Amino acid sequence: MMATFHKHHLQEALTLLNTTPPSLAEETEALASCIQILPPELVNRIAAGEVVERPASVVKELVENAIDAGASSVQITIGNAGNTIRIADNGKGMNPKEVQLAFLNHATSKIKHAEDLDAIFTLGFRGEALASISAISKLSCYTRTQAQPDGVQLVIEGGKLCHFHPIGCSIGTVMEVDDLFFNTPARLKFLKSPKTEVAQIEEMVQGLALSHPNVQLSLAINEKLAFKTDGQDQLKQTVSQVFGWQPESTNALLETTFEDPLSNLKMRAVFASPAQESFHKRTKKAWWMLLNGRTVRCAILATAIKKAFEGLVPHGVYPFCAVWLEMPATEVDVNVHPTKKEVRYAHSEQIFKFVVGGIRRALQEQFHATYGLHASMQQQPVPQPLEAHQHAYPAFATPNTRSDFTSAPPIPQQSGMFWRSPTEQPSSPQPYPSSNSGMPTQTALAFYEPLSGTGPSASPNTLQQRQWRVIGQLFNTYVLLETPKGLMVVDQHIASERWCYEQLVTQSTAEKPVVQPLLNPIVLDVLSAEQMAILAQYQPWLKERMGFDCQRNQTDNLWLLCSVPQLYPNRKTISPVQQLEAVLEQLAQTGEAELDTELLFATLACHTAVRAGDVLSQAQMERLVVDWLACSLPWSCPHGRPIAHTIEADELNAFFDRPSLPVSSVAVR
Ligand code: ADP
Ligand code: MG
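Residue numbers (numbering that gives the first Met the number 0): 0 to 668.
Next comes the structure, spelled out in structure tokens:
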């Protein structure tokens with residue numbers, strides 16, 4: 000019958016082509032014997048390869064079906080290195096007719112029209128999981144709906160129905176998969192070690208549990224409970240249950256909810272602060288991305304998380320972070336890949352900013368909660384033209400030569416007094432702001448503020464509202480502060496480095512970097528030939544992205560350094576030429592395309608900042624603290640070291656056996 004079918008088609012095709020082959024009969028006969036319509040079991044077995052890569056994919060499909068069936072509880076039992084999989088749910092079950100259909104190819108209850116594809120809220124919708132899984136395993140299904148007095152049992156082996164009869168069982172569905180890949184030996188060969196396959200299952204179920212905190216999920220491997228969630232829809236609780244972390248330590252994780260009604264984006268996140276090293280990992284597996292109830296690996300979200308922690312933790316460190324993102328189904332395409340892990344967004348940049356903004360804001364708020372101080376929202380100095388390089392970068396104050404941050408450098412009255420590039424119109428010099436002058440602030444990294452929604456909760460922390468007082472300096476290294484929480488010890492180098500780093504980042508992302516024009520351009524005669532070649536090559540980039548404006552003198556062909564990036568106007572520990580040299584050195588090594596700007600800024604900031612051992616005047620310390628608190632993320636230095644430590648009042652009270660402090664001493668003047 001198969002052969003007749005083929006002949007008929009072949010003849011039709013040949014007629015269409017208007018050809019009359021000499022021995023049609025023989026040829027069709029020959030072709031018919033080698034071209035076969037595959038029996039459906041075989042088609043399913045081949046298609047199964049796409050859906051069912053490994054035991055973990057079976058688990059995923061079956062658990063997702065259970066959740067789609069409205070189950071509030073799903074038990075997953077794994078045995079025999081992942082070759083035996085049992086999923087029991089309390090969902091709506093299937094009646095005898097439904098269950099027979101469910102195992103047919105492209106049988107789905109989840110999609111009826113083409114338009115449904117644009118608005119799919121259920122997890123599976125291709126209608127091929129059950130057909131595929133049952134084609135390559137021995138599968139038993141027990142299922143019962145509320146309307147049926149009895150359930151049914153159905154057994155399929157290698158795609159062939161073996162049993163189908165009524166059976167007593169509770170409402171819901173149990174799927175038992177045995178001997179996975181028994182009839183596809185090639186696939187079996189590609190499986191990794193049992194340990195790896197089981198680990199993959201565990202990771203898959205962790206993701207499923209995280210993406211459905213409202214479903215009670217349990218996983219038992221070889222008769223041992225791996226984890227169990229309570230389905231209470233509490234994120235931190237779910238996280239601690241999934242990873243087996245102590246609830247007390249998980250409680251210390253940060254949690255945030257963030258919404259943008261305009262773009263209909265909603266995010267919930269649980270993550271470690273830069274200080275919580277026990278939650279820092281060495282791989283990206285520390286990051287979980289859950290989009291509209293599905294675990295995804297998404298480059299955009301991963302980059303957003305990376306960005307949120309950029310400059311707060313050392314390179315190669317991944318603080319634990321789980322992000323639950325919800326958006327309209329029309330804004331995202333999850334149907335790119337059959338296993339639905341890759342996603343495409345309609346507005347990826349918006350999503351990126353939303354996620355970075357959400358995490359960063361929570362970090363800022365946590366800073367306040369931890370230290371009792373408002374971070375950010377403070378005034379920042381405006382760039383000043385510098386007098387001349389030998390005066391512009393005085394050595395930091397020594398016990399003999401005390402200089403003062405708040406004493407402004409002389410301001411040239413005429414803008415013509417300092418050098419200006421022909422194309423650039425620098426803002427006219429402004430008086431150096433005193434720290435309480437109420438200058439409008441541009442919080443570093445403010446680009447990542449959310450698109451809308453409620454603004455940062457930190458109120459402006461002007462000098463009048465200050466919640467801290469500088470007590471003094473310890474070992475010429477730490478600035479001591481009285482704060483509402485206690486005695487805060489601030490590392491002067493790291494605090495200053497943080498500020499410098501954020502300035503440089505702001506600078507490089509600003510459309511027009513804020514520069515300090517040098518009154519007397521510095522002749523760059525110390526540069527080597529190689530450095531000069533690199534300078535010539537990257538001159539526009541250095542000016543536009545970094546704020547190093549170098550011009551070549553027409554007469555003697557020497558390079559002049561005419562402006563430098565905005566940093567502390569009246570102090571530097573290395574000269575601008577040394578700064579430029581550091582940049583040139585990195586450019587020489589990597590080139591602009593691969594330039595690790597984060598590292599470059601971190602290096603520059605480290606060189607530029609106040610050092611440990613520098614003696615600071617009271618005013619200098621105040622300025623340092625004001626600047627530091629103006630940082631968008633005053634947590635830690637770009638290398639991940641913490642900046643401040645508070646010895647809490649309670650700790651002191653307990654030590655001295657004092658019930659509480661006199662009220663007046665807590666309020667900081
Ligand atoms: P899809 O999930 O893409 O629809 P599947 O092959 O996974 O395709 O499942 C086919 C159908 O079988 C589903 O649409 C659903 O109606 C039914 N089904 C599968 N698993 C369950 C379950 N655990 N409980 C109730 N119905 C189920
Ligand atoms: Mg499915």
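Backbone N, C-alpha and C define an ideal beta-carbon position, used for all residues, glycine too. Bear in mind the structure is a predicted one, so any value in this text is a computation, not a measurement.
- By the neighbour-count criterion, in which a residue is buried when 16 or more other Cβ atoms sit within 10 angstroms of its Cβ, LEU651 is exposed.
- Relative to ligand 1, GLU127 has its C-beta within less than 8 Å of a heavy atom.
- Around the beta carbon of HIS162, a 10 Å sphere encloses fewer than 16 other beta carbons of the protein chains shown; the residue is thus reported as exposed.
- Apart from the 5 residues on each side of it in sequence, GLY171 sits with its Cβ closer than 6 Å to the Cβ of ASP88, ASN89, GLY90 and GLY92 in its chain, given in chain order.
- If you draw a straight line from the Cα of ARG610 to the Cα of THR294, it comes to about 45 Å.
- For ASP656, there is no enclosing alpha helix (DSSP H), since its DSSP letter is neither H nor E.
- The Cβ-Cβ distance between LEU209 and ALA128 does not fall below 9 Å.
- Distance between ASP229 and SER217, taken at the CA atoms: about 9 Å.
- Distance from the CA atom of SER495 to the CA atom of GLY357, rounded to whole angstroms, is 25 Å.
- Listed as beta-bridge partners of MET266 by DSSP are PHE257 and LEU324.
- Pairing ALA643 with TYR370 gives a Cβ-Cβ distance under 9 Å.
- Within the same chain, and ignoring the five residues on either side of LEU289 in sequence, the residues whose Cβ sits closer than 8 Å to its Cβ are GLY206, LEU209, SER210, VAL295, ALA321, VAL322, TRP323 and LEU324.
- Exclusion of the five residues before and after LEU486 leaves ILE646 as the residues of its chain whose Cβ lies within less than 6 Å of its Cβ.
- Taking all protein chains shown into account, PHE547 has 16 or more neighbouring C-beta atoms within 10 Å of its C-beta and is therefore buried.
- Excluding five sequence positions before and after ALA301, the CB atoms of its chain that fall closer than 8 Å to its own CB belong to LYS283, TRP286 and MET288, given in chain order.
- Taking the C-beta atoms as reference points, ARG53 is found no nearer than 9 Å to GLY78.
- Counting C-beta pairs with one atom in each stretch, the region 164-178 and the region 247-255 have fewer than three that are closer than 8 Å, which means they do not touch.
- The continuous alpha helix (DSSP H) containing THR195 extends over residues 193-210.
- At the C-beta level, PHE270 and ALA361 come within 9 Å of one another.
- When rounded, the separation of the alpha-carbon atoms in SER562 and LEU523 is 12 Å.
- In the DSSP annotation of this structure, CYS168 is not part of any beta strand (DSSP E), being labelled neither H nor E.
- The three-state reading of DSSP puts LYS352 in helix, counting H, G and I together.
- In terms of CA proximity to LEU632, LYS306 leads the group THR329, LYS306, PRO520 and HIS606.
- LEU234 is a Cβ neighbour of PRO212, given a cutoff of 9 Å.
- By the CB criterion at 9 Å, PRO516 and MET545 fall outside the cutoff.
- In this structure the region 589-603 does not lie against the region 548-555, because fewer than three pairs of beta carbons, one per stretch, are closer than 8 Å.
- Bounds of any alpha helix (DSSP H) do not take in PHE226; it lies within the beta strand (DSSP E) bounded by 223-227.
- Annotation for ASP88: the continuous beta strand (DSSP E) segment containing it runs 83-88.
- LEU311 and ASP490 have their C-alpha atoms spaced approximately 15 Å apart.
- A check of alpha carbon separations from ALA134 across LEU103, ILE470 and HIS164 identifies LEU103 as the nearest.
- For GLU647, there is no enclosing alpha helix (DSSP H); the residue is found in the beta strand (DSSP E) stretching over 643-647.
- Linking VAL98 to PRO327 through their CA atoms gives a straight-line distance of about 32 Å.
- Around the beta-carbon of GLU501, 16 or more other beta-carbon atoms lie within 10 Å, marking it buried.
- According to the DSSP secondary-structure assignment, LEU559 is paired through a beta bridge with VAL522 and GLN550.
- In this structure, GLU348 has its CB at a distance of at least 8 Å from all heavy atoms of ligand 1.
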